[in-house]
């Protein structure tokens, strides 16, 4: 298969169907490129001589310079002609944003087959059609055609996302931006006439900017190739996946031939397992997984230590750990005795350790230091009500986590004050979850059975 | 049992252990009362003649006017003396915020027994000890001793919360405030020397300000009385509950006698079922339940209609509905034909109906109007990317929901733009959930098996 890496670092981009009209999809894309992309931009549209101070070309063939990527945003019945031009202009690849293909009718399906033929016969790599395309925080390529007022763009980070669904890609992108979680690249490949999730996983396996890959799948085309690509990727970095359309009854209509379909979903589960892919079950989990793998490393075992200043939250976390099959670390008796000397008498020493509302920043440090020695991962459930807690708490927890080289997850439910502190924690690489269940799910993700003897 | 309603509408409050020192718990409480409570406030502390421009009394007996509620915030070894004074002053009840009782040591347990004796023998109703006490948005009673900078207070609403855990009460209160969900009363009764969850459920059953009751339970004292009280309450309004400390192994230590304890948890589940209480399983679910019951009514059946402008999100919701045992409504063929005439050709008509990124406010109205006729509840998954969507969408959905008198739930994942629109939806009584799973859980809560033939 021909390389696709040029999509993520193109030296030049042609925008086929570029428009000066504000609000038009192609104008949104052009503006995004002008804002963030540093390479050459060539608008193409026979109607204009220039757009937004860029020279506009009649057709791709007129550009006379090397084109790495052509972004195609023209009506569906003009796409094939546009791709022919792009091939003649010797572009390496095209992102076909235009819709109106196999998702619409049989005429559209025929056109899509023709697009596929261009990819196979002319060697043009094609993302799409009917897709949002690519958002790349490093190169500045951005074909997501929703204006920034309606859709924020995340900053730079180590997370890359492959999504078959455009709406899912949009939602998660917007949420990640709001949450301050950075990304490397997000790709929505739509109808998958050519570039598939397997191509992308192969690319991400070797992509140094990508530290973790998250995949949203409705249906995989070539199961065997997918497993190979996903395995190659998961050998190098965490790969998480969500599968939707589990029940055809749900996906298509209210008819129930669930039995057969549930079986098919079982095949996906088996494939994920074989490929070392961590399956998550919903949007929440997917977001949690993106958060935790963006900030933390795998644990070396499944023993959890819980420390809190709120007894009830500690109990909830302990419950959730047991439900999720994690183990609560046992502290040796002499450690407990020692802790009870160092900590105020009203503290409840054990696992969970409850430091109560009189807690100080240093109490947390003392308790975590001892508890983390006898565990593989810690969950710190810090409620910010206690008056003596300050921002130093963040530093203290980070210090212990780094010194002992073990992951720590923060559970910090609450309102605006807690949200401010969440930013502090996450800026220092400690992922914050708002609920006991979320924190425990995240801990579970960091416990990678492959890596535990 | 003697009435406890005076706690929620006291004509006068004595603050035993009042202090002028900013940051002290009793000072936080005094400030809160001065800010929000309209009745008489009597600070009591032998050290001062006045505090914050209020006359300060040497002891409760010196007040010489009727005292409804005494808030006791003194060191634990001074609590019994304070309660004796309060009894002599003929107060109706006390909220003992002070800690240091059975949760601490055997001396504390003895003192707590003595507190209990006062309640039994002298007829003083007592909330606490070791509790946050009461936050009442209607009367302005607020013994939650965390300053408002660290803990926001929710506005007025129909939700009342009973929580055995102080930290849970704090977290949920802070989150509700941030989310703009109002409450009637929140009670954290701590060690439960006297007033219990059963007393509170009995009160809330008849409390007209309370439209829905949410209960956080670690362990119930008198199971039979709890079931009776909860049933009386759930006959009149929705009662939701979360049980934590499901596994003693989790709650107490890493020892495993899970088998026996799981059995005990089964008893709670059976009790909830018998009492008509909807059990929720985690903090997320608890919050979702608070949100949905604050804004919506029960559905009359379990047929769900899904309409969206993002195909992938629609599929996820359909998946979740099937997983959760809800039914997808089937639209009659002539309705589908009719809809396909009224809606643009690229829409996918069915259940889910996908209006795609070219959707308008009125497309949503047309689709929802038809779909809700053949279903009991609708989930509208509105992504705000589509450029033609405006605030009128909120009005359109509300109008259909009210006219057809059926509940509608919004699923609106995304970032800042979506969060702004969430406020609009919720201000008009349409609860918004950020994930497909959250929206479906909420729909499930509104489907009350008791009320469905």
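Protein chains in written order, with the numbering used here: chain A, 4 to 456; chain B, 4 to 456. Note that beta-carbon positions come from the ideal geometry of N, C-alpha and C, so glycine has one too. Here the structure is a predicted model, which means the values were calculated and not measured.
Close beta carbons around residue 42 (chain B), own chain, < 7 Å, minus the five adjacent residues each side:
13, 14, 15, 16
Less than 8 Å between the C-beta atoms of residue 310 (chain A) and residue 248 (chain B), yes or no?
no
If you measure from the beta carbon of residue 314 (chain B) to each beta carbon in chain A, is any gap under 8 Å?
yes
Are the beta-carbon atoms of residue 374 (chain A) and residue 332 (chain A) separated by less than 8 Å?
yes
Give me the DSSP bridge partner(s) of residue 414 (chain A).
A:384, A:436
Beta-carbon neighbours of residue 390 (chain A), restricted to chain B and to distances below 7 Å:
26
Put residue 456 (chain A) into one of helix, strand or coil per three-state DSSP.
The pLDDT assigned to residue 456 (chain A) is 40, lower than 50, so where the model puts this residue is not dependable, and the model offers no usable value.
Quick one: which chain C residues come within Cβ less than 7 Å of residue 438 (chain A)?
Among the chains of the structure shown, chain C does not appear; the protein chains present are A and B.
Exposed unless 16 or more other CB atoms sit within 10 angstroms - verdict on residue 187 (chain A)
buried
Among the residues of its own chain, which have a CB less than 6 Å from the CB of residue 33 (chain B), if the five just before and after it don't count?
18, 21
Are the C-beta atoms of residue 174 (chain A) and some chain B residue less than 8 Å apart?
yes
Please report the Cβ distance between residue 414 (chain B) and residue 442 (chain B), rounded to the nearest whole angstrom; I am assuming they are in contact, meaning their Cβ atoms lie under 8 Å.
4 Å
Between residue 322 (chain B) and chain A, is the shortest Cβ-Cβ distance under 8 Å, so that the two count as touching?
yes
Under 8 Å, do residue 59 (chain A) and residue 100 (chain A) count as touching if we go by C-beta distance?
no
Can you tell me which of the three DSSP states residue 237 (chain A) falls into?
helix
What do you reckon, are the CB atoms on residue 444 (chain B) and residue 288 (chain B) nearer than 8 Å?
yes
Is the distance from the Cβ of residue 204 (chain B) to the Cβ of residue 232 (chain B) below 8 Å?
yes
Give the straight-line distance between the Cα atoms of residue 98 (chain B) and residue 198 (chain B), rounded to the nearest whole angstrom.
10 Å
Just checking: is the beta-carbon of residue 446 (chain B) within a distance shorter than 8 Å of some beta-carbon in chain A?
no
Between residue 460 (chain B) and residue 9 (chain B), which are expected to be in contact by the criterion C-beta below 8 Å, what is the C-beta distance as a whole number of angstroms?
Lying before the first or after the last residue shown, residue 460 (chain B) is absent from chain B, which here runs from 4 to 456.
Alpha carbon to alpha carbon, how far is residue 394 (chain B) from residue 300 (chain A)?
43 Å
In whole angstroms, what is the alpha-carbon distance linking residue 240 (chain A) and residue 433 (chain A)?
19 Å
In its own chain, which residues sit with a C-beta less than 7 Å from the C-beta of residue 359 (chain A), not counting the 5 before and 5 after it?
312, 349, 350
Cα separation between residue 27 (chain A) and residue 353 (chain B)?
29 Å
So with Cβ pairs under 8 Å, would you call residue 425 (chain A) a contact of chain B?
no
Closest residue to residue 111 (chain B) among B:356, B:306, B:137, B:132 (Cα-Cα distance):
B:132
Short CB-CB distance (under 8 Å) between residue 336 (chain A) and chain B
no
Using 10 angstroms around the beta-carbon of residue 178 (chain A), count the other beta-carbons present and answer buried if the total reaches 16, otherwise exposed.
buried
For residue 217 (chain A), the first and last residue of its enclosing beta strand (DSSP E)
215-220
Quick one, are the C-beta atoms of residue 286 (chain A) and residue 416 (chain B) less than 8 Å apart?
yes
In the structure shown, what three-state DSSP assignment does residue 256 (chain A) receive?
Note that residue 256 (chain A) scores a pLDDT of 37, beneath 50, so its modelled location is shaky; the value from the coordinates is reported in the next line. Residue state, collapsed to three classes: coil.
Checking 8 Å against the spacing of the C-beta atoms, do residue 45 (chain A) and residue 66 (chain A) come in under that value?
yes
With distances taken Cα to Cα, identify the nearest neighbour of residue 324 (chain A) among A:306, A:223, A:92.
A:306
Which residue from A:47, A:55, A:11, A:5 puts its Cα closest to that of residue 24 (chain A)?
A:55
Is the shortest distance between the beta-carbon of residue 349 (chain B) and the beta-carbons of chain A less than 8 Å?
yes
I'd like to know if residue 386 (chain A) contacts chain B, where contact means its C-beta is closer than 8 Å to some C-beta of that chain.
yes
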